[in-house]
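Listed in order, the protein sequences are those of chains A and B. Start counting the first sequence at 79; every next residue gets the next number (my numbering). Start counting the second sequence at 383; every next residue gets the next number (my numbering).
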Amino acid sequence: EAQVTQNPRYLITVTGKKLTVTCSQNMNHEYMSWYRQDPGLGLRQIYYSMNVEVTDKGDVPEGYKVSRKEKRNFPLILESPSPNQTSLYFCASSPGGGPYGYTFGSGTRLTVV
Amino acid sequence: AQTVTQSQPEMSVQEAETVTLSCTYDTSESDYYLFWYKQPPSRQMILVIRQEAYKQQNATENRFSVNFQKAAKSFSLKISDSQLGDAAMYFCAYNQPGTASKLTFGTGTRLQVTL
Numbered sequence: 079e080a081q082v083t084q085n086p087r088y089l090i091t092v093t094g095k096k097l098t099v100t101c102s103q104n105m106n107h108e109y110m111s112w113y114r115q116d117p118g119l120g121l122r123q124i125y126y127s128m129n130v131e132v133t134d135k136g137d138v139p140e141g142y143k144v145s146r147k148e149k150r151n152f153p154l155i156l157e158s159p160s161p162n163q164t165s166l167y168f169c170a171s172s173p174g175g176g177p178y179g180y181t182f183g184s185g186t187r188l189t190v191v
Numbered sequence: 383a384q385t386v387t388q389s390q391p392e393m394s395v396q397e398a399e400t401v402t403l404s405c406t407y408d409t410s411e412s413d414y415y416l417f418w419y420k421q422p423p424s425r426q427m428i429l430v431i432r433q434e435a436y437k438q439q440n441a442t443e444n445r446f447s448v449n450f451q452k453a454a455k456s457f458s459l460k461i462s463d464s465q466l467g468d469a470a471m472y473f474c475a476y477n478q479p480g481t482a483s484k485l486t487f488g489t490g491t492r493l494q495v496t497l
């Protein structure tokens, strides 16, 4: 089954403790992105990747890192999480943007206390 | 930068009735894609319908249809014969080709369906 797999689904952590949210897709898609969803703000892009070893900042990149060492994986790293990073996070992949559609992961609910 | 505006934070519709969710966007481009996504309580993002800007014909998917007014930069979603399973958050989104697959989302409209 074609899918984007995110883990974990829920995560509670403490301020400053490094964490990684994993994202993997099995569709051989070129593009992968991370979004955060906050009430009243919709979804905003954090980082994106156009291919292996090619990543760039989205609209809200502060406090986040990403890497794309393999085509299928695109982990999101919070090196020193803060409470304002409490949010719902989505990974998405696409073969090439609008004409081809997007596939979203099931989301990660992160709480930083 | 492109922006997407959903001016209705919440809407309510009775079962079997029709409801229209509004979306406007701002862009100087002529070629782009517009989407409506549904997010039920399971929080999965589900594509409802997609519109290509160069196509004048409004997209339709079963009970879901759009009213795409390119000059007015308006992209509303009409849900006919509403069902309890339509209750969800609905997001309007915009994609500009060549922008590395970025989707720009509106703030969402929460739809309630009542008996």
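Idealized CB from N, CA, C, for every residue including glycine.
Per-residue DSSP class, three states only, for B:N449 | strand
Taking only beta-carbon atoms, is A:P177 less than 8 Å away from chain B?
-> yes
Among B:T491, B:M393, B:A470, B:N477, the one whose alpha carbon lies nearest that of B:D408 | Of the residues B:T491, B:M393, B:A470, B:N477, the one whose Cα lies closest to the Cα of B:D408 is B:N477.
Exposed or buried, what is A:Y88 when buried is set at 16 or more other beta-carbons lying within 10 Å of its beta-carbon?
-> exposed
Over the uninterrupted beta strand (DSSP E) stretch that includes B:E434, give me the two end residues.
-> 428-434
Closer than 9 Å by beta-carbon distance: list the chain B residues that pair up with A:Y167, in chain order.
-> Those do not exist, as A:Y167 stays about 11 Å from chain B at its closest Cβ, beyond 9 Å.
Please list, in chain order, all residues of the same chain as B:L429 whose beta carbon is under 7 Å from its beta carbon, the five residues on each side excluded.
-> Its chain contains F417, Y419 as the residues whose beta carbon lies nearer than 7 Å to that of B:L429, once the 5 sequence neighbours on both sides are disregarded; these appear in chain order.
In this structure, what does DSSP give as the bridge partners for A:D134?
-> A:Y126
Going by Cα to Cα distance, which pick from A:M110, A:T98, A:A170, A:V130 is closest to A:Y142?
-> When each option's Cα is compared against that of A:Y142, the closest is A:T98.
Where B:D463 sits in the DSSP three-state scheme | Coil.
Partner residues on chain A for B:P422, Cβ-Cβ distance less than 7 Å = What B:P422 touches in chain A: nothing, since even the nearest Cβ is about 12 Å away.
Using Cβ-Cβ distances below 7 Å, what residues of the stretch 456-475 of chain B are close to chain A?
-> Result list: F473.
Short Cβ contact (8 Å threshold) for B:Y443 with B:Y415 = Here the sequence assigns Glu to residue 443 of chain B, which means Tyr is not the residue at that position. Their beta carbons are not under 8 Å apart, which means B:E443 does not touch B:Y415 by this criterion.
Distance, Cα to Cα, B:Y436 vs B:F446?
-> 20 Å
Does the stretch 122-137 of chain A come close enough to the stretch 394-406 of chain B that 3 or more CB-CB pairs lie under 8 Å?
-> no
Starting from the Cα of B:F457, find the closest Cα among B:D413, B:Q384, B:L403 and give me that residue.
-> B:L403
Contact list for B:T489 against chain A, beta-carbon separation under 7 Å | G118, L119, G120, listed in chain order.
Between which two residues does the beta strand (DSSP E) harbouring A:N106 extend?
-> Note, A:N106: premise wrong, no beta strand (DSSP E); not H, not E.
What residues from chain A crowd round B:K437, counting only those whose CB sits closer than 7 Å?
-> Going along chain A, no residue has its Cβ under 7 Å from B:K437, so there is no contact; the nearest lies around 12 Å.
Starting from B:T486, trace the beta strand (DSSP E) both ways and give me its first and last residue.
-> Taken as a continuous stretch (DSSP letters only), the beta strand (DSSP E) holding B:T486 covers 485-487.
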